[in-house]
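Protein chains in written order, with the numbering used here: chain Y, 217 to 472; chain X, 385 to 669.
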């Protein structure tokens, strides 16, 4: 089977500082990869390099495109990469405000990606938007309200709906549950798990919350100071951590 | 003021060359916003500094100049710009659309069809149609370059969601020759169809924003819309009170403090011509 996403020796330096160094992994269709590590360990740098938001200094990010098979997205032309960014890829930001248009209604936010790929029928766009709001458990009556009137959890769910509406195959998530209280986190995780399973999505999830990866991720990568120190099946890594840093990370989770 | 105080048409020749280069580039790429080094003009931004610079660059001593402000030849903006070029260029002026070779306009396209050889200069306050949806100029330029115009429809979507129909009534976005999305300056959308296939050269100047764009003659200009909410060139549903025309764009004028109002052609030259040809509306004296 061809991997959906194949990352090879990806490196990014910030001057003399290491962003991330020599990261390699394969992600197969339907698989969810978790990336954990402390603040500053290079998780977000890695994610942004993969999603094309940052230009890596070295390495390849090969994505299995629908039309032309595996392509290196680092060297592909910008229009092609941006096209991927609004069709087959999705990016869920930590802060919903970064991923939403706050001055545009919920329906417009969900509809934007549809219109960006050529939808020109108002009735159809609205019907799809309504459907998606319901799938992320937002009352369809709120379709014309602006995201500014939504709670943090609703904004995050709206951002997810807006990203998944074009049926992407790969979702990048940067701390999707960060900044939400635990009960809202639980609902969001439940929702995400359902969507990932139903749509057969592949996802790369960056988080520092081990509970999130335990629930969502099939495989886990542990990063420290820009390097991957351990990777493997999620349960394996969390239950039997090998590297000293991973052991520290697992043991520092508070038990209630 | 002495005769030699100013160069012909106020601007110096080097500046005019720079502006003409921008105009030529704009004509070569219809709808593309060409940056230019906008000069300080002896009038405030928002009074048509972009249009005035474009007019100055294209005027020749043989030209006959007309200025329209909201359709009218006799309002402040029109009078002051017309007298500006009378004094600095000494060109002939007119109020008749047919006689003019260069027409500078704010917010309207004349009702009478324009001919080959005429130049229509628009004053543009905000040249970027995507501005209010995407405030980053770097991003909107990229969107133009890569033809990513989905966002423009988000604006129209918001209109329908909020008002039940496309409520944008002026500065209605258009697509030029199937490529660039362009802000037609704040003309009413009633005028949008007149831009398409027009025999005249249409030039757009935005002074504060330092952008020039253009439509060469007979350019295809399509107003954006949805399949189930097609574009409509709307106007007030009345005939003109003075000349009786029912196919021209109308201004609503409050005539007393008891709710009295009348509708009159916004294009004063068009209305005058009809009145002198014997047409009479219901409010005509």
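Using N, Cα and C, we set each Cβ at its ideal position, and we do this for glycine too.
- Going by DSSP, residue 461/Y is part of the alpha helix (DSSP H) stretching over 460 to 467.
- Against chain Y, the CB of residue 567/X has no partner CB under 8 Å away; the residue lies outside that interface.
- The continuous stretches of beta strand (DSSP E) do not include residue 405/X, which lies in the alpha helix (DSSP H) extending over residues 397 to 412.
- Those residues of the stretch 596 to 614 of chain X placed with their C-beta closer than 7 Å to a C-beta in chain Y are 610, 611, 612 and 613, ordered along the chain.
- Uninterrupted alpha helix (DSSP H) stretches at least 4 residues long and entirely within the stretch 495 to 571 of chain X occur at 521 to 529 and 534 to 547, given in chain order.
- Annotation: the continuous alpha helix (DSSP H) that includes residue 414/Y extends over 398 to 415.
- No Cβ of chain X is located within less than 8 Å of the beta carbon of residue 227/Y.
- For residue 542/X, the C-beta contacts it makes with chain Y under 8 Å involve 320, 321 and 324, in order along the chain.
- The Cβ-Cβ distance between residue 258/Y and residue 439/Y falls below 8 Å.
- Bounds of the beta strand (DSSP E) holding residue 249/Y are 248 to 253.
- Within the DSSP secondary-structure output, residue 419/X pairs in a beta bridge with 595/X.
- Counting of Cβ neighbours within 10 angstroms places residue 332/Y among the buried residues, the total reaching 16 or more.
- With a cutoff of 8 Å on beta-carbon distance, residue 628/X and residue 663/X are scored as near each other.
- Taking CB atoms only, residue 530/X has a neighbour in chain Y less than 8 Å away.
- Within the DSSP secondary-structure output, residue 218/Y pairs in no beta bridge.
- For the pair of segments examined, the stretch 259 to 266 of chain Y was found not to touch the stretch 409 to 418 of chain Y: the number of CB pairs separated by less than 8 Å stays below three.
- For the pair residue 405/X and residue 652/X, the Cα-to-Cα distance works out to about 34 Å.
- For residue 306/Y, the enclosing beta strand (DSSP E) has its first and last residue at 305 to 308.
- At least one C-beta of chain X is nearer than 8 Å to the C-beta of residue 332/Y.
- Rounded to whole angstroms, the gap between the alpha carbons of residue 471/Y and residue 253/Y is 19 Å.
- Contact annotation for residue 546/X against chain Y: 321 and 360 [CB-CB distance below 9 Å, chain order].
- Note: residue 610/X is bridge-paired with 613/X in the DSSP secondary-structure output.
- Listed along chain Y, the residues sitting closer than 8 Å to residue 538/X by beta-carbon distance are 317, 320, 324, 327, 328 and 331.
- Under a criterion of Cβ atoms nearer than 8 Å, the residues of chain Y adjacent to residue 535/X are, in order, 328, 331 and 332.
- If you draw a 10 Å sphere on the C-beta of residue 528/X, you find 16 or more other C-beta atoms in it, and that means buried.
- Using a Cβ distance threshold of 8 Å, residue 381/Y and residue 348/Y count as a contacting pair.
- Going by C-alpha positions, residue 461/X is about 21 Å away from residue 567/X.
- Beyond the five residues adjoining it in sequence on each side, residue 563/X comes within less than 8 Å, by CB distance, of 414, 415 and 531 in the same chain, given in chain order.
- Residue contact with chain X for residue 395/Y: absent (no Cβ-Cβ distance below 8 Å to any residue of chain X).
- Boundaries around residue 375/Y are those of the alpha helix (DSSP H), 368 to 380, since no beta strand (DSSP E) includes it.
- Contact of residue 354/Y with chain X is not assigned, every C-beta pair being separated by 8 Å or more.
- Annotation for residue 371/Y: 312 and 363 place their beta carbon closer than 6 Å to its own, counting only its chain and skipping 5 residues before and after.
- With its beta carbon less than 8 Å from one in chain X, residue 336/Y belongs to the interface.
- 294, 295, 298, 299 and 302: these are the residues of the stretch 282 to 311 of chain Y whose beta carbon lies less than 9 Å from some beta carbon of chain X, given in chain order.
- Within the same chain, Cβ atoms closer than 8 Å to the Cβ of residue 374/Y are found at 312, 316, 322, 325, 326, 349, 352, 354, 363 and 366, the five residues on either side in sequence being excluded.
- Where residue 427/X is concerned, there is no enclosing beta strand (DSSP E), because DSSP gives it neither an H nor an E.
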